[in-house]
Amino acid sequence: MLDRFEDLRTFVALAQTGGFASAADRLGIVKSAVSRRVREIEERLGVRLVQRTSRNVSLTEAGRGYAERARAILAELEEMDEAVRGANDSPEGTLRISAPVSFSIHCMAPAIVEFQRRHPGVAIELDVSDRFVDIVHDGHDLAVRIAALPDSDLVARRIVTIRHVVCASPAYLAAQGRPEQPEDLSRHHGIEYSLKVSDAYWTFKEGMVARPACILRANNGDTLREAAVAGAGLIYVPTFIVADAVARGALETVLDEHVREPIAMHAVFPAARHMPARLRFFIDFLVETFGDKPAWDRVFERGARP
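Those letters in the sequence shown? Residues 283 to 588, per my numbering, in order.
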């Protein structure tokens, strides 16, 4: 029976990672062992579960159904283990988390270190990406998202409110002037986040859209910040990305009264009858750590404009 559970873990890892080598890395075994186990499952069932080509691996329809049932069985097994060992007091296991790049750098990394000090039995794998991630398909336990959430079968818990600011370097503002109204942006250079449509990016209160002339687009908030510090133009980003630069005077905020309404950051996770203790503890920790008034916003409460 133990081998059957190992077979299930192996197949789920293959389904989540999309390759024999990456599944082997996740499981800490050799690639040939993954291939052998999958082949033995197919032979036992008499069904092709995986389509193999020279370049990639994909699941058949039967394979997708098998992977879904296997995940459910493993979740039930984990629930039983947690109940027996009293994991409510001492969570254990691995958490696989997806989070945006800049938030991971500035906020998540130090938070994770503190969480693991409190709960050393929890290992964390952090997938850092600004692109939308299908957490069920990719095998994540949790995704951190800063956006309006679409309807889905996922469960969401609010972590913190995210504010945005428009910033530029003092040198840029001295040379080009300080915009006083959103309409003034038409006379300025802008630096945009490329994973968002321009009109959505430059939205102000009451849905007003006012865009500067875009001279640079990038898919990472820290890149935008550094370009703005160098004097390239205006950026419109979450406060946690620019708090340090504003605090040291490398950036100044403008149009403070006109920025769009704050948006919630959520922890998003698959619905399940039983939430693993490590996931529940981690989400509670995020809410406790960041809360309604996160540390990075204190710079702006003191006044970011000279």
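Just so you know, even glycine gets a beta-carbon here, dropped at the ideal spot from N, CA and C. Computed from a predicted structure; not experimentally measured.
Using DSSP with H/G/I as helix, E/B as strand and the rest coil, what is residue i?
| i | result |
| --- | --- |
| V569 | helix |
| I523 | helix |
| L477 | coil |
| F486 | strand |
| G472 | strand |
| P392 | helix |
| I311 | coil |
| P494 | coil |
So, are the CB atoms of residue i and residue j less than 7 Å apart?
| i | j | result |
| --- | --- | --- |
| L533 | A527 | yes |
| G375 | R562 | no |
| I417 | M547 | no |
| K487 | H540 | yes |
| A303 | K313 | yes |
| G515 | G472 | yes |
| L467 | P494 | yes |
| A609 | V426 | In this structure the chain extends from 283 to 588, so residue 609 is not present and cannot be described. |
| A344 | L331 | yes |
| A549 | L455 | no |
Just the C-alpha distance for residue i and residue j, rounded to the nearest angstrom, thanks.
| i | j | result |
| --- | --- | --- |
| T485 | Y518 | 9 Å |
| M490 | G513 | 26 Å |
| P461 | S372 | 53 Å |
| Q431 | P552 | It should be noted that the sequence gives Leu, not Gln, for residue 431. Cα to Cα, the separation comes out at about 14 Å. |
| F572 | R439 | 13 Å |
| Y348 | V511 | 52 Å |
| L341 | D409 | 23 Å |
Taking the DSSP output, what are the residues bridged to residue i?
| i | result |
| --- | --- |
| M547 | I428, V442 |
| V448 | Y518, V536 |
| I379 | L408, L424 |
| Q333 | S340 |
| V581 | Paired residues: none, contrary to the question. |
So residue i and residue j are supposed to be a Cβ contact under 8 Å. How far apart are they, rounded?
| i | j | result |
| --- | --- | --- |
| L537 | P452 | Rounded, the Cβ-Cβ distance is 16 Å, inconsistent with contact. |
| H352 | F397 | Here residue 352 is Ala; the residue named in the question, His, does not match the sequence. Rounded, the Cβ-Cβ distance is 29 Å, inconsistent with contact. |
| V447 | F567 | Going by Cβ atoms, the distance from V447 to F567 rounds to 27 Å, so no, they are not a contact pair. |
What do you reckon, is the C-beta of residue i under 6 Å from a heavy atom of the ligand NAP?
| i | result |
| --- | --- |
| R308 | The model on display carries no ligand, and the ligand NAP is accordingly not part of it. |
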